[in-house]
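Numbering (the UniProt record's numbering), first residue to last: 1 to 157.
Idealized CB from N, CA, C, for every residue including glycine.
Source: prediction; values computed, not measured.
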């Protein structure tokens with residue numbers, strides 16, 4: 001089985017609070033918009049099954065507009081990791097992939113934890129949140145699941 005991101009997008013549109021990664025500690029910090037404010041909302045979180053992941057270690061993301069279409073041109077995702085020093089600045093993740101795959105991803109090092117990741121829209125300025133929800137506590141240090149080509153410690157998505 002491959003990772004069918006488009007089916008997951010449809011599920012997330014139907015159930016925006018879907019999160020099958022709660023047991024892995026992954027959650028969403030919800031932006032608190034003022035009345036009428038436009039912001040980037042996270043809809044749905046899916047921890048890849050072993051047969052979908054096949055040994056990967058990435059945070060995949062897609063960005064949809066209010067009409068449920070992929071946002072074009074691409075957008076940027078700001079992120080940080082646990083223990084990041086002030087002089088370290090990860091480059092924003094670019095959402096520039098073809099329709100046949102999620103629009104973008106952030107490669108995860110084994111053992112590192114993403115403290116936050118949130119949409120920065122088309123703004124690449126560090127430290128601006130683009131008025132966005134944030135996903136929190138994404139990491140790969142989970143027990144083995146499935147076979148050697150599935151989800152092993154250090155290889156979860």
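DSSP, read as helix, strand or coil, puts residue 24 in helix. In its chain, beyond the 5 residues on either side, 9 and 13 have a beta carbon closer than 8 Å to the beta carbon of residue 68. Unbroken alpha helix (DSSP H) runs of no fewer than 4 residues, entirely contained in the region 61-92, are not found. By the C-beta density criterion, residue 2 is exposed, having fewer than 16 other C-beta atoms within 10 angstroms. DSSP, reduced to helix, strand and coil, places residue 58 within a strand of the structure shown. Contact between residue 42 and residue 26 does not hold, since their C-beta atoms are separated by about 11 Å, which reaches or exceeds 8 Å. For the pair residue 83 and residue 94, the CB atoms are not nearer than the 7 Å cut-off. Taking C-beta separations shorter than 7 Å and ignoring five residues to either side along the sequence, the partners of residue 39 in its chain run 31, 33, 131 and 132, following chain order. At the C-beta level, residue 77 and residue 119 come within 7 Å of one another. In summary, residue 22 is exposed, with fewer than 16 beta-carbon neighbours lying within 10 Å of its beta-carbon over all protein chains present. Sequence-distant Cβ neighbours of residue 29 in its own chain, meaning closer than 6 Å and more than five residues away, are 134 and 136. Burial of residue 117 is indicated by the presence of at least 16 other C-beta atoms within 10 angstroms of its C-beta.
The three-state reading of DSSP puts residue 103 in coil, since its state is none of H, G, I, E or B.
The criterion of a C-beta distance shorter than 7 Å is satisfied by residue 138 and residue 59. Selection 80, 85 and 88 evaluated against residue 107 yields 80 as nearest (Cα-Cα).
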